[in-house]
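One structure is given here, and the rest of the page talks about it.
Residue numbers (the numbering used here): 1 to 565.
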């Protein structure tokens, strides 16, 4: 029997206070039912934390496990506010994790060019069904395991590894590569193998999505769901009129919630059980017969529903789209999550660094595949995995006590956006390069992504290569497009040298970018070109090995290993 351990109510509105505030009258003494003034998304985590805090007083036990949907900051709040939090473990709601996996796949299909021929709607559903059935398969085996606790733990660890492998193998199976398919996972049907012919960028994005669900295998292998918690809201909607009737005055909503809790726990019998517990008197026979009849009807209805479900299967329903708001810090994909254990973090760090290692042949392949830069999707994908020249300044000049979460999100989750300044740069840079070639009487070689051999997580893409030992970096400032080139170049001087000839400041963002480019490309000088509608200004910048050695490289390595991996 499932028992409702705790039920809390959070209310952001008191109808009486609202009435007096709206009419401008002085407030009268009344019982105020407003007990919450934060975001709506934080209500659930606060109620659950309160339930954990009262567990010993109410039930004489400490909770050890809870099932979360992965979209709220419950675990983070529990670890912060509950005394015995170090013993609390979280299991994931399998339904919700698979739903998030499906959402990621649809997002990949929408944002990746040329993906419609590979990542179609039916294939996404196959991936979803395969992930869900793999969880059910291993959970069913674990439920039947007999023996000592040590044996059950060993079996669980083994099936956790197998489940993670099944989730990672899911994309290969769906796209026709059955080399690693298990007997219980694949029925032997062979189709065209299109996995290797997929675009590399699309393939890596799908594998990344599968890796996210595979990392949670230890919390999914028991196939738990949060359906019971969601089911409490059904009687709440029934008693409150489904928001069609205004029953929110004074304590109405709170009473509806408590009535729903009794209905969920006791069923139709709550009409008899609750009054009898309060009055210590037996109720009328007619009410007893009525509740018994309702109990039988409910049992028959559930039996029929279960039978129809087994015969017809689960029907897919379209889900509503919800907009993102400020409460998403407490609920949703951006909610607060606790840090990884140190051992797991160290393991993941090594795995990330190992994934970036490559030999000379692989590096040449990347350099060839990333030509074209912004017009090449592979260039974007490889850059997202690394720290690149345009971000060196933000990393190197960051103070140790400054929070890094915003910077890390900017580096890892780059968003496509457009602006007048960006469009100006995109259209003017090719023109500026041709003008530079004519002005300097030299040829500019097209450039690709350069990866630093010693630390593969550092990369850069200059605008071009010149001579045998130089690079060129173009800047087309939108705000100075109509200025004389030397005057525009002075904008990058030190503040105390605004009226002196153009000289790129050593504390400027572009100086860090240029020095990083020279270090990674192993070249000695850079032509820093500022282009306006009236011409160009060329400034030669020499490499500074001491600046890179002491002011840049240690900070970049430390930041990537501590905050990005």
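Heads up, the beta-carbon is just placed ideally off N, CA and C, and yes, glycines get one too.
Distance CB(residue 262)-CB(residue 274) smaller than 8 Å: yes
In chain order, each alpha helix (DSSP H) run of at least 4 residues that lies wholly inside the region 395 to 422: 405 to 412
Alpha carbon of residue 453 to alpha carbon of residue 348, nearest angstrom: 21 Å
Rounded straight-line distance, which links the Cα of residue 83 to that of residue 489: 60 Å
Buried or exposed by the 16-neighbour rule on C-beta atoms within 10 Å, applied to residue 413: exposed
Residue 111 to residue 202 span [Cα, whole Å]: 10 Å
Inter-residue spacing [alpha-carbon to alpha-carbon] between residue 89 and residue 64: Going from the Cα of residue 89 to the Cα of residue 64 covers about 6 Å.
Identified DSSP bridge partners for residue 475: 530
The region 459 to 475 contacting the region 399 to 414, beta-carbon criterion three pairs below 8 Å: no
Residue 572 - DSSP class collapsed to helix/strand/coil: The chain is shown only over 1 to 565; residue 572 falls outside these bounds and no answer can be derived.
Which listed residue (125, 118, 184 and 149) has its alpha carbon closest to that of residue 138: Among 125, 118, 184 and 149, the Cα nearest to that of residue 138 is on 184.
Cβ contact (3+ pairs, closer than 8 Å) linking the region 156 to 165 and the region 203 to 220: yes
Host alpha helix (DSSP H) of residue 18 (start-end): 15 to 23 is the extent of the alpha helix (DSSP H) around residue 18.
Cα-Cα separation, residue 320 to residue 176: Its pLDDT being 49, under 50, residue 320 is placed unreliably in this model, and the value from its coordinates should be taken loosely. Each residue's alpha carbon lies about 32 Å from the other.
Bridge partners - residue 387, DSSP secondary structure assignment: Residue 387 is bridged to 458.
CA-to-CA distance, residue 486 to residue 501, given in whole angstroms: 8 Å
Helix, strand or coil at residue 185 according to DSSP, with G and I counted as helix: When DSSP states are grouped into helix, strand and coil, residue 185 belongs to the coil group.
Per DSSP, the bridge partner or partners of residue 445: 465
Nearest-angstrom Cβ-Cβ length linking residue 136 and residue 223, presumed shorter than 8 Å: 6 Å
Per DSSP, the bridge partner or partners of residue 89: 65
Opening and closing residue of the alpha helix (DSSP H) in which residue 45 lies: 43 to 53 is the span of the alpha helix (DSSP H), which, as asked, contains residue 45.
Segment limits, alpha helix (DSSP H) that includes residue 259: Unbroken alpha helix (DSSP H) run through residue 259: 252 to 266.
CA nearest to the CA of residue 210, picked from 179, 482 and 108: 108
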